[in-house]
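Let me begin by presenting the structure, written as structure tokens, before commenting on it.
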Amino acid sequence: MLKIKDLRVEIEDQEIIKGLNLEVKAGEVHAIMGPNGSGKSTLAAVLAGRDMFRVTGGKVLYNGEDLLEKSPEQRAKEGLFLGFQYPIEIPGVSMVNFLKTAVNELRKHRGQKPLSASDFLKMMREKKELVEIHSSLTNRSVNEGFSGGEKKKNEIFQMAMLEPRLAILDETDSGLDIDALRIVANGVNQLKSKETASIVITHYQRLLDYIIPDFVHVLYDGRLVKSGGKDLALLLEEKGYEWIKEEAES
Amino acid sequence: MRGAENARNFSQCDSLLLGDKCGAHTFPYIETDNSSAIVEHEATTSKIGEDQIFYCNQRGIATEDAIGLIVNGYAKEVLNKLPMEFAVEAQKLLQITLEGSVG
Ligand SMILES: Nc1ncnc2c1ncn2[C@@H]1O[C@H](COP(=O)(O)OP(=O)(O)O)[C@@H](O)[C@H]1O
Ligand SMILES: [Mg+2]
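Sequence lines, in order, name chains A and B. Count the first sequence with this note's numbering and you get residues 307 to 556, in order. Count the second sequence with this note's numbering and you get residues 205 to 307, in order.
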């Protein structure tokens, strides 16, 4: 589904991603861990098409096509979803209006008719239950005045509404209590199928008690320096990142 | 008006900037002929940020549609207070001005 080959990314003439390789197949869940500043959010943003980052080398294939050539909205319509580490507030734009536009753009892309207002509201009700999100939140402007945890839950709610093929979640679990964490994990697990895949960026092993990853990778200084199974996450929890840094630098 | 005792007024100028190559200059002008009048004025400026546009893009909404959503949302509060025939007219105007404002 996703093939990243020797990817190199710069911002302000500083190289952040320094030759990264990763292959994600349909049906898989990958966890990416790593110390702050190692380039996790940069990788996520580049895959979603944020143009402030400059790709200086390498290739990314998504379903066999060149991903980096496509506009961000094209990527989204082809099923790539990014759960933002810091979701953006859009005052004045109601959640309902925002999501209705997003869902109908997606349907148009798939050759489906737009949803009627009542079908859309029904879908919203169903998905809201799934992520246990308050009705009052969806009546407000996009993320405006939401608490940190509410913003994160709102990302999962949007993911549930848009049913992506490849979901990239950037520290969606950070700052969440155990109940919210369970909800986030639930959202990811509900999405899981033979045709979909997820990349879960996280700092904490605890999320991986709920989302069982097929692979765990450590991103350090712009490269994936170690890959393994769930055990690697437990090892990192126990021993920290120092030994990884030493290994990577020796 | 000279004969209006204790008159009150409140004007508000809110500007929304599109893109980073523009600014807003508002010139509120209020004249009073009666010294018992209380007048107030307030101005705010907000800007559509690149990260707001990108957030919409990431949800499958093209930049032009994203700007439309944000501008309409911004103006809705005022438009809703206008009589129906004005509201329709204003909505159309808004659409016309937005065309070509996106590079
Ligand atoms: N907008 C930016 N301008 C300049 N440097 C940036 C910007 N975004 C990220 N960086 C730099 O890129 C590096 C990686 O950041 P980031 O991808 O956010 O790491 P992580 O998500 O792993 O904590 C950091 O050194 C950070 O300072
Ligand atoms: Mg980050």
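For glycine and all other residues, C-beta sits at the position ideal for the given N, C-alpha and C.
Taking all protein chains shown into account, do 16 or more other C-beta atoms lie within 10 angstroms of the C-beta of A:F404, making it buried, or fewer, making it exposed?
Walking along the first sequence from the start, residue 404 of chain A turns up at place 98. Sixteen is the threshold: when 16 or more other Cβ atoms of the shown chains lie within 10 Å of the Cβ of A:F404, as they do, the residue is buried.
For B:G307, which of helix, strand or coil comes out of DSSP?
On the second sequence, residue 307 of chain B is found 103 positions in, with the first residue counted as 1. Residue placement at B:G307 is poorly supported in this model, since its pLDDT is 43, which falls under 50; the coordinates are not used for a value here.
Contact between the stretch 416 to 430 of chain A and the stretch 374 to 381 of chain A is defined here as three or more beta-carbon pairs at a separation below 8 Å; is this criterion met?
Contact fails between the stretch 416 to 430 of chain A and the stretch 374 to 381 of chain A, because fewer than three Cβ pairs, one in each stretch, are under 8 Å apart.
Who pairs with A:R360 in a beta bridge, going by DSSP?
Reading the first sequence from its first residue, position 54 is the one you call residue 360 of chain A. For A:R360, the pairing in a beta bridge is given by DSSP as A:E316.
Here's the rule: buried if 16 or more other CB atoms are within 10 angstroms of the residue's CB, otherwise exposed. What is B:G307?
Within the second sequence, residue 307 of chain B is the residue found at index 103, counting from 1. With a pLDDT of only 43 at B:G307, under 50, the local geometry of the prediction cannot be trusted, and the value read off the model is given with reservation. Exposed, since its Cβ has fewer than 16 Cβ neighbours within 10 Å.
Could you tell me how far apart the beta carbons of A:V361 and A:L374 are, in whole angstroms, since I believe they sit closer than 8 Å?
As a first step, residue 361 of chain A must be located in the first sequence, where it is residue number 55. As a first step, residue 374 of chain A must be located in the first sequence, where it is residue number 68. 6 Å between Cβ atoms; contact.
Check whether the Cβ of B:D237 lies closer than 8 Å to any Cβ atom in chain A.
Along the second sequence, one-based indexing puts residue 237 of chain B at 33. So, not an interface residue.
What separation, rounded to the nearest whole angstrom, lies between the Cα atoms of A:L542 and A:A337?
The residue given as residue 542 of chain A occupies position 236 in the first sequence. The residue given as residue 337 of chain A occupies position 31 in the first sequence. A:L542 and A:A337: Cα-Cα distance of roughly 13 Å.
Just to confirm before moving on: does the CB-CB distance between B:A291 and B:L283 stay below 8 Å?
On the second sequence, position 87 is the one that residue 291 of chain B refers to. On the second sequence, position 79 is the one that residue 283 of chain B refers to. Closer than 8 Å, so yes.
Taking CB distances under 8 Å as the criterion, tell me whether A:V399 reaches chain B.
For the purposes of this step, residue 399 of chain A is identified with residue 93 of the first sequence, where counting begins at 1. Using beta-carbon distances, A:V399 counts as an interface residue toward chain B, with a partner under 8 Å.
Okay, do the stretch 525 to 533 of chain A and the stretch 344 to 351 of chain A touch, 3+ Cβ pairs below 8 Å being the bar?
Yes, they touch.
In the structure shown, what three-state DSSP assignment does A:G493 receive?
Along the first sequence, one-based indexing puts residue 493 of chain A at 187. If DSSP states are grouped into helix, strand and coil, A:G493 belongs with the helices.
May I have the straight-line CA-CA distance separating A:D515 from A:K498, to the nearest angstrom?
The sequence position of residue 515 of chain A within the first sequence is 209, counting from 1. The sequence position of residue 498 of chain A within the first sequence is 192, counting from 1. A:D515 and A:K498: Cα-Cα distance of roughly 16 Å.
Tell me, please, whether the CB atom of B:N261 is closer than 8 Å to any CB atom in chain A?
For this step, residue 261 of chain B is matched to residue 57 along the second sequence. At least one C-beta of chain A is nearer than 8 Å to the C-beta of B:N261.
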